[in-house]
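Reviewing the structure listed below.
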Amino acid sequence: HVKLWLMREMNQSQLQGTPLAFFSGMNASLWVRNYTFAEGVCVEVVEKEEVQEDKIAVLEKEMKEENVLALVGKQSHEFIQLVLPLLEKYDLVSFVPFTGSSVLRGWYPNLYLVRAEPAAELLALVRYALVKLRVLQLGFMYLQGVNFGDSEYAEAQRVLSKSNLTFSGVFTVDSSATGSGAKKEVFDAAWEAFADTRPQAVIVFALP
Numbered sequence: 001h002v003k004l005w006l007m008r009e010m011n012q013s014q015l016q017g018t019p020l021a022f023f024s025g026m027n028a029s030l031w032v033r034n035y036t037f038a039e040g041v042c043v044e045v046v047e048k049e050e051v052q053e054d055k056i057a058v059l060e061k062e063m064k065e066e067n068v069l070a071l072v073g074k075q076s077h078e079f080i081q082l083v084l085p086l087l088e089k090y091d092l093v094s095f096v097p098f099t100g101s102s103v104l105r106g107w108y109p110n111l112y113l114v115r116a117e118p119a120a121e122l123l124a125l126v127r128y129a130l131v132k133l134r135v136l137q138l139g140f141m142y143l144q145g146v147n148f149g150d151s152e153y154a155e156a157q158r159v160l161s162k163s164n165l166t167f168s169g170v171f172t173v174d175s176s177a178t179g180s181g182a183k184k185e186v187f188d189a190a191w192e193a194f195a196d197t198r199p200q201a202v203i204v205f206a207l208p
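Residue numbers are given in our numbering: position 98 of the sequence shown equals residue 98, and the series is strictly consecutive.
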């Protein structure tokens with residue numbers, strides 16, 4: 001008898017969106033097999049909420065006592081960074097963590113990521129716009145001071161510069177997620193300047 005911890009984001013009372021869709025598919029697969037793996041091993045799915053650093057010791061104690069096999073579902077990159085040493089210590093796996101972070105990309109035998117990192121998604125979008133759509137004026141939109149923005153824009157500029165290309169226009173303002181955000185007049189001015197460049201296609205990066 002082993003347990004799969006179905007991870008839920010902090011302060012989220014129930015699964016929704018992508019995590020719910022993932023769980024529904026996984027649950028259907030387990031149900032078909034009567035929640036039993038090879039050699040008659042019974043699998044129990046238990047919902048768990050992500051923890052912060054001050055509770056990681058409690059989580060480790062539960063890992064040791066509950067015969068946990070793997071962590072599944074959407075997990076924030078902050079939580080994965082916290083729990084990764086425990087996964088390595090107890091030879092566990094975090095399976096299908098739907099994190100969009102680029103921080104944890106690389107080879108980790110205890111992590112199985114199925115979503116492309118933002119940098120890879122960006123390269124695919126740039127290539128599609130230039131090679132498939134053949135747009136002559138490509139724009140870029142992002143928010144400053146948050147993930148999925150500043151670093152991706154810098155990477156996009158680097159990629160375009162290799163072909164002596166540049167964005168026809170860039171729309172960017174401060175994010176309200178880290179403060180008050182841009183004032184209306186600043187936002188409107190930035191938008192009008194961007195619209196005047198008349199991009200044929202726009203790549204947009206923002207927090208998921």
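Idealized CB from N, CA, C, for every residue including glycine. Computed from a predicted model, the values in this text were never measured in an experiment.
Selection from the options that minimises the alpha carbon distance to residue i
i, options, result
"valine 131", "Ala28, Tyr90, Ala201, Gly169", "Ala201"
"alanine 21", "Ile80, Thr197, Gln52, Lys74", "Lys74"
"asparagine 110", "Ala70, Asn27, Lys183", "Ala70"
"tryptophan 107", "Glu121, Ala182, Ile203, Glu88", "Glu88"
"alanine 142", "Glu62, Ala190, Arg127, Arg134", "Checking the sequence, you will find tyrosine at residue 142 rather than alanine. Cα-wise, what sits closest to tyrosine 142 is Ala190."
"methionine 63", "Trp5, Arg134, Ser175, Leu133", "Trp5"
Residue i (DSSP reduced to helix, strand or coil)
i, result
"arginine 33", "coil"
"glycine 40", "helix"
"alanine 206", "coil"
"alanine 182", "coil"
"valine 93", "strand"
"glycine 139", "strand"
"leucine 113", "coil"
"leucine 165", "coil"
Residue i classed as buried or exposed, judged by whether at least 16 other C-beta atoms fall within 10 angstroms
i, result
"arginine 8", "buried"
"valine 41", "exposed"
"glycine 25", "exposed"
"serine 163", "exposed"
Cross-strand partners of residue i (DSSP beta bridge)
i, result
"alanine 190", "DSSP output for alanine 190 lists no bridge partner at all."
"valine 45", "Leu4"
"glutamine 144", "Asp174"
### Task
Kindly confirm or deny that the segment 181–199 and the segment 148–166 touch, where touching means at least three C-beta pairs closer than 8 Å.
no
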